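Colleague: Take a look at the following structure, please.
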Amino acid sequence: MHTVTPTAGNGFQVYLETFGCQMNELDSELVRGQLAALGYRFTTNAAEADVVLYNTCSVRQQAENKALSRVGLMGIRKQESDRRLVLGVIGCMAEREGAGMLKRYPQIDLLCGPGELDRLPMLIDNALKADASVLADRVALQGNTSRRTATLAAAEDNLEMLDLSRAFDPDRATSGARSAYVRITRGCNKFCTYCVVPYTRGAEVHRPPDAIVDECRMLADQGVVEITLLGQTVNHYRYEHGAALTVGGEEAAQVGPGLGAFRRTAPVGARVTSFADLLARIHDEVPSIARLRFVTSYPRDFGDDILAVMRDSPRICRYLHVPAQSGSNRVLKTMNRGYTVEEYLEFIDRARSFLPDVSIAGDFIVGFPTETEEDFEASAALVRRVGFKNNFIFKYSPRPGTTAWDRLPDDVPDEVKRRRNNALLAVQGEVSAEVHGAYAGRTVEVFVEQISQQSAARTGNVELGWAPARVQMSGRTGGDLITVFDLPADVSAASLIGRVVPVRVTGAGTLILYGELAGVPAAC
Ligand code: SAH
Ligand code: SF4
Ligand code: F3S
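Using the working numbering, you'd call the opening residue of the sequence shown number 20 and step up by one each time.
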């Protein structure tokens, strides 16, 4: 890699589009901050950009196809345009595909994996300044070094700097700049047999608790009131003090011990920050965070200590996103999930005994190799038994490089996957309607996010002669239930966005609560 100092922002316009999960959304925010600090400007119009970046997801083929179709279209635009246009593919797909992607799609100028984003400015700089022909000038990927701990430590130091140097930009944030993500763990050590994430995001690495708390405080100081902590198996967070290298006296990010940590006790005298400790610290040390949430929970190793902290901390949301993936023990075993249906249910019952109101969401995969009709029925039964408020339901998508890809033929025909997908969605629909319906007559606390989209569409047409409709606001309860309510005539929408307000629920749809404002906070 050339050691050119990346100062070349010079007002170049960047278009950045994000696919995939919240980790990618956060990465895009960090990239934006990093590039803006170097003088790049951002545009929402790809046609006027000098640099087009796609932050990609590899979790299913469909996610990759979306990004590839954008790459195809941008390739045509590049050919037709007479000015220099840099096209970069960043994120999980860049990491999974590797440098070979440049040969298959010659219109791509640079590739940068999620573990190398601190090197992105250099890659863009190289691409803007010259026709970089040396591969190392165009590609930053962890490749198979991502699980070698010696190199990992060095790479993580730089990545940690990227999180730490976070320039939260209230103008670009959603929910009136009141909601933000904070990463606590990178990577994943679980290796579920279908999943590409351990390969694209690398080994599990835990950030030092002080850095996390500082970041939450910094966000709170900028007006953020809702923080969502991110990790692939967020409850596995565990930091052993004194065990990691220090950088300038600070604690460094720490390679996770994986599941082993939950089977052994910490060395005598070692001070450990568990996930429960971390939640309690953020809750107590940053009281202006009105809502503290976390995703994604893993159904194993979720101790009573975490549930007790949730119960005792009013500003921690009564919400768990805890994917079951299947209701069949045989399928769960083939997926390498490491728990049985009975253990999953034991956790749900335990969670409800601590938090009677907790709202439970999850993910299911249908059509996993060897899944029979009976296995599928077991998933449907689990959806009913748990009473999930919602589930993301996915058709199994074989991912190159995973164990399932190598060892298990994708033997459930697509038409069967589609049928099971629709059938499970229908079951979930009934369950969601019951869960939402049970809120009628209750008063819930709603974090107001925006003017409801339907309402915005209607009021936007006022000048076309349409009857001015009433304005409706939308937001979410602590349990993540979408709630819509009418804006009273004497209250402005802007004064409510980003606030937590009481709403009396008057009715419910399958995935939505309807209600009316039950009191406006004095400051509105
Ligand atoms: N770490 C989280 C999940 C991250 S991936 C967890 O373990 O729960 C998000 C979801 O995508 C998964 O929960 C799973 O339901 C789905 N998924 C992952 N790989 C998939 C694949 N190959 N095919 C279909 N769905 C998949
Ligand atoms: Fe993928 Fe499993 Fe890790 Fe979740 S826990 S990211 S599904 S390997
Ligand atoms: Fe996709 Fe990578 Fe997230 S594969 S789901 S963007 S961790």
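Ideal Cβ placement from N, Cα and C applies to all residues, glycine included. All values derive from a computational prediction rather than experimental measurement.
Is it a yes or a no for the stretch 410-418 touching the stretch 365-372, going by three-plus beta-carbon pairs under 8 Å?
Modeller: no
Colleague: Since residue 529 and residue 448 should fall inside the 8 Å C-beta cutoff, what is the C-beta to C-beta distance between them, to a whole number of angstroms?
Modeller: 5 Å
Colleague: By the 10 Å Cβ neighbour count, where 16 or more other Cβ atoms means buried, how is residue 159 classified, buried or exposed?
Modeller: So residue 159 ends up on the buried side.
Colleague: If you scan the stretch 86-120 from start to end, which runs of the beta strand (DSSP E) of 3 or more residues do you find wholly inside it?
Modeller: 105-110
Colleague: Mind checking whether residue 294 and residue 348 have CB atoms under 8 Å apart?
Modeller: Against a cut-off of 8 Å, the Cβ pair of residue 348 and residue 294 comes out as no contact.
Colleague: Going by DSSP, which residues form a beta bridge with residue 225?
Modeller: 204, 273
Colleague: Can you give me the Cβ contacts of residue 210 inside the same chain, cut-off strictly under 8 Å, excluding the 5 residues immediately before and after it?
Modeller: 217, 355, 422
Colleague: Mark residue 219 as exposed unless 16 or more other C-beta atoms lie within 10 angstroms of its C-beta, in which case mark it buried.
Modeller: Flag for residue 219 reads buried.
Colleague: Using a Cβ-based criterion (distance less than 7 Å to any ligand heavy atom), does residue 344 qualify as near the ligand SAH?
Modeller: A distance criterion of 7 Å places the beta-carbon of residue 344 in contact range of the ligand SAH, judged by its closest non-hydrogen atom.
Colleague: Over what stretch of residues does the alpha helix (DSSP H) that includes residue 447 continue unbroken?
Modeller: 433-456
Colleague: Quick check: is any heavy atom of the ligand F3S less than 7 Å from the C-beta of residue 77?
Modeller: yes
Colleague: Please state whether DSSP places residue 218 in a helix, a strand or coil.
Modeller: helix
Colleague: For residue 363, which of helix, strand or coil comes out of DSSP?
Modeller: helix
Colleague: When the Cβ atoms of the stretch 269-276 are set against those of the stretch 317-325, are three or more pairs found closer than 8 Å?
Modeller: Touching, no, given that fewer than three Cβ pairs across the two stretches are closer than 8 Å.
Colleague: Quick check on DSSP: helix, strand or coil for residue 349?
Modeller: In the three-state reduction of the DSSP assignment, residue 349 falls in the helix class, which pools H, G and I.
Colleague: Helix, strand or coil for residue 473? Go by DSSP, reduced to three states.
Modeller: helix
Colleague: Tell whether a beta-carbon distance below 8 Å holds between residue 297 and residue 408.
Modeller: no
Colleague: Measuring only the C-alpha atoms, how far is residue 467 from residue 507?
Modeller: 14 Å
Colleague: Around the Cβ of residue 511, are there at least 16 other Cβ atoms within 10 angstroms (buried) or fewer (exposed)?
Modeller: Residue 511 comes out exposed.
Colleague: For residue 255, which of helix, strand or coil comes out of DSSP?
Modeller: helix
Colleague: In the structure shown, what three-state DSSP assignment does residue 409 receive?
Modeller: DSSP, reduced to helix, strand and coil, places residue 409 within a strand of the structure shown.
Colleague: Return the chain-ordered list of same chain residues with a C-beta closer than 6 Å to the C-beta of residue 124, the five sequence neighbours on each side being excluded.
Modeller: 90
Colleague: For residue 61, I'd like the list of residues in its chain whose CB is within less than 6 Å of its CB, leaving aside the five on either flank, ordered along the chain.
Modeller: 33
Colleague: Measure from the alpha carbon of residue 111 to the alpha carbon of each residue in 63, 92, 44, then state which is nearest.
Modeller: 44
Colleague: With residue 521 as the anchor, note down where its beta strand (DSSP E) starts and where it stops.
Modeller: It spans 519-527 - the beta strand (DSSP E) in which residue 521 sits, taken as one unbroken run.
Colleague: If you run the structure through DSSP and keep just helix, strand and coil, what is residue 302?
Modeller: helix
Colleague: As a quick exercise: from 116, 113, 126, 523, pick the residue whose alpha carbon is nearest that of residue 99.
Modeller: 126
Colleague: If we ignore side chains and look at the alpha-carbon of each, how far apart do residue 438 and residue 390 end up?
Modeller: Using only the alpha carbons, I get a separation of about 13 Å.
Colleague: Within 10 Å of its beta-carbon, does residue 199 have 16 or more other beta-carbons around it, so buried, or fewer, so exposed?
Modeller: buried
Colleague: Applying the 10 Å Cβ sphere with the 16-neighbour rule, what's the burial state of residue 261?
Modeller: exposed
Colleague: Quick one: what's residue 32 bridged to in DSSP?
Modeller: 60
Colleague: Along the chain, where does the beta strand (DSSP E) containing residue 130 start, and where does it finish?
Modeller: 129-131
Colleague: Helix, strand or coil for residue 459, going by three-state DSSP, please let me know.
Modeller: coil
Colleague: Quick check on DSSP: helix, strand or coil for residue 505?
Modeller: strand
Colleague: What is the DSSP secondary structure of residue 385, counted as helix, strand or coil?
Modeller: strand
Colleague: If you follow the alpha helix (DSSP H) that residue 248 is part of, which residue opens it and which one closes it?
Modeller: Unbroken run through residue 248 is the beta strand (DSSP E), 245-249; no alpha helix (DSSP H).
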